[in-house]
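The listed protein sequences derive, respectively, from chains G and W. Using the working numbering, the first residue of the first sequence is number 10, and each one after it goes up by one. Using the working numbering, the first residue of the second sequence is number 113, and each one after it goes up by one. For every residue, glycine included, the Cβ atom is placed at its ideal position computed from N, Cα and C.
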Amino acid sequence: GQQLNQSPQSMFIQEGEDVSMNCTSSSIFNTWLWYKQDPGEGPVLLIALYKAGELTSNGRLTAQFGITRKDSFLNISASIPSDVGIYFCAGRWNNDMRFGAGTRLTVKP
Amino acid sequence: NAGVTQTPKFQVLKTGQSMTLQCAQDMNHNSMYWYRQDPGMGLRLIYYSASEGTTDKGEVPNGYNVSRLNKREFSLRLESAAPSQTSVYFCASSATGYEQYFGPGTRLTVT
């Protein structure tokens, strides 16, 4: 089946720093999505990408759908303490949605 | 606007017991999904329902059954719980099948 490799597994950064995380796959997807999960909550959609090469921003977040359709990255600029959480990528092909294992982000004030 | 709601929030079962997890959405979405989340892993799709009256298996359907009761409600049943089914279960819904909106989860422990 389609597997997603998400990296890094965890990040410890200082408030104000920029963050970058990515997902790669051996299979192509026609949609990439990025979610954030706070402790004890369900994932919340941050950004959805529908076309290869698409670059989309949502406030301080920017995500790109890789040209090969096998990867995507998420950047967070000027991190703040409330950015703490687990970030998941997800790739969709037809009715099949696969999730990465997550990047756990810790922001030190 | 409640979005996606799930009950119960927590549940402890003994091996072999059965239970049904309930999910409801008030966004008039056609598609609904059940996932499980285990430590260090992403969410894995158990079953989904692309529209009222249809259900399909996902990546890890063994040991589970589902019912799409109406457009709003999608339940997940464990007929004979096993310790391997200890997990956090999330329900999600979607209008398009692409952008999914998740409930708060049910934390299930099977002893």
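- Secondary-structure assignment with DSSP links D105 of chain G through a beta bridge to G:W102.
- For Y44 of chain G, the enclosing beta strand (DSSP E) has its first and last residue at 40–46.
- Residues of chain G with a Cβ closer than 8 Å to the Cβ of E211 of chain W are, in chain order, L42, L54, A57.
- Using a Cβ-Cβ distance cut-off of 8 Å, the stretch 27–45 of chain G and the stretch 134–151 of chain W are not in contact, since fewer than three pairs of beta carbons, one from each stretch, lie closer than that value.
- Taking 7 Å as the Cβ-Cβ cut-off, the stretch 132–158 of chain W approaches chain G at G152, M153, G154, L155, L157, given in chain order.
- A residue is called buried once 16 or more other Cβ atoms fall within 10 Å of its Cβ, and S206 of chain W is buried on that count.
- Ranked by how close their Cα comes to the Cα of S179 of chain W, the residues W:R189, W:P173, W:V172, W:E171 have W:R189 in first place.
- The beta carbon of R219 of chain W sits closer than 6 Å to the beta carbons of F122, V200 from its chain, once the five residues preceding and following it are set aside; these are given in chain order.
- By the criterion of a C-beta distance shorter than 8 Å, G115 of chain W is surrounded in its chain by Q137, D138, M139, Y213, G215, once the five residues flanking it on both sides are discounted.
- If the five residues before and after M20 of chain G are omitted, its C-beta is found closer than 8 Å to the C-beta atoms of V28, M30, T112, R113, L114, T115, all from its own chain and listed in chain order.
- For a cut-off of 8 Å, the C-beta gap from M131 of chain W to A193 of chain W is around 7 Å, short enough to register as a contact.
- With fewer than 16 other Cβ atoms inside 10 Å of its own Cβ, D168 of chain W counts as exposed.
- Within the stretch 12–23 of chain G, contact with chain W at the beta-carbon level (separation under 9 Å) is assigned to L13, Q15, Q18.
- Around the C-beta of T40 of chain G, 16 or more other C-beta atoms lie within 10 Å, and the residue is accordingly described as buried.
- Annotation: Y159 of chain W to E171 of chain W spans about 8 Å, alpha carbon to alpha carbon.
- N104 of chain G reaches chain W at Y160, A162, D168, G209, counting residues in chain order whose Cβ is nearer than 8 Å.
- Chain W places a beta carbon closer than 8 Å to that of A110 of chain G, counting this residue as a contact.
- Shown here, Q12 of chain G sits in coil according to DSSP, grouped into three states, outside any helix or strand.
- Per the coordinates, the alpha-carbon of G62 of chain G lies some 16 Å from the alpha-carbon of A99 of chain G.
- The C-beta of I85 of chain G has 16 or more other C-beta atoms within 10 Å across all chains shown, which makes the residue buried.
- With its beta carbon less than 8 Å from one in chain W, F97 of chain G belongs to the interface.
- Taking 7 Å as the cut-off between beta carbons, the residues of the stretch 186–204 of chain W near chain G are F202, in sequence order.
- DSSP, read as helix, strand or coil, puts S81 of chain G in strand.
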